[in-house]
Amino acid sequence: MRKSKWVVLVAGLFALSIVMAACSSDEGGGEGGGETTGADVGGGGGDNAIVIEGFAFNPSTLTVSGPTEVTITNNDSASHTFTLDDGSIDEEIGGGESTTVTIDVSASTGFVCRFHPQMTGTIEVS
Ligand SMILES: [Cu+2]
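Oh and the sequence shown: position 122 is 128 in the working numbering, straight run, nothing missing.
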């Protein structure tokens, strides 16, 4: 009888520690997100956007300095990809959809849509 109470107590403490661990990791994620948002504002925020329309990237040349979040919006009905030449980013964007990528390159590089090789652009590092 006494032994089974101990088992329940230990199991209860174990469950409580899992819940607390889950809570604290949630808080960590929230703080991390806040820092990322701050970096975006410093980097110029809304300027870092590429629109795909008429099977072309616009602008086709984007200048970054340091890791930069870029939102890519596909206004075509066809799917496209945003693929860096080094393959470090390869995102498919469905028609009418958008995605956000973090571009972190140390030297200028090109990007392309894998579906339409004539769709190209350049990331320049300032
Ligand atoms: Cu395409």
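Glycine is no exception: its CB is placed at the ideal position from the N, C-alpha and C atoms.
Remember, predicted model here, so these are calculated numbers, not experimental data.
Looking at residue j and residue i, is the spacing between their C-beta atoms short of 8 Å?
| i | j | result |
| --- | --- | --- |
| residue 81 | residue 99 | no |
| residue 126 | residue 117 | yes |
| residue 70 | residue 56 | no |
| residue 161 | residue 74 | Residue 161 lies beyond the residue range present for the chain, which begins at 7 and ends at 132; the question has no answer from this structure. |
Buried or exposed for residue i, going by 16 or more other Cβ atoms inside 10 Å?
| i | result |
| --- | --- |
| residue 130 | exposed |
| residue 54 | buried |
| residue 67 | exposed |
| residue 61 | exposed |
| residue 63 | buried |
| residue 217 | It is not possible to answer for residue 217, since the shown part of the chain is limited to 7 through 132. |
So, under 8 Å CB-CB, residue i and residue j are touching, yes? Tell me the CB distance rounded to an integer number of Å.
| i | j | result |
| --- | --- | --- |
| residue 78 | residue 107 | 7 Å |
| residue 86 | residue 58 | 5 Å |
Is any heavy atom in ligand 1 found nearer than 7 Å to the beta carbon of residue i?
| i | result |
| --- | --- |
| residue 121 | yes |
| residue 61 | yes |
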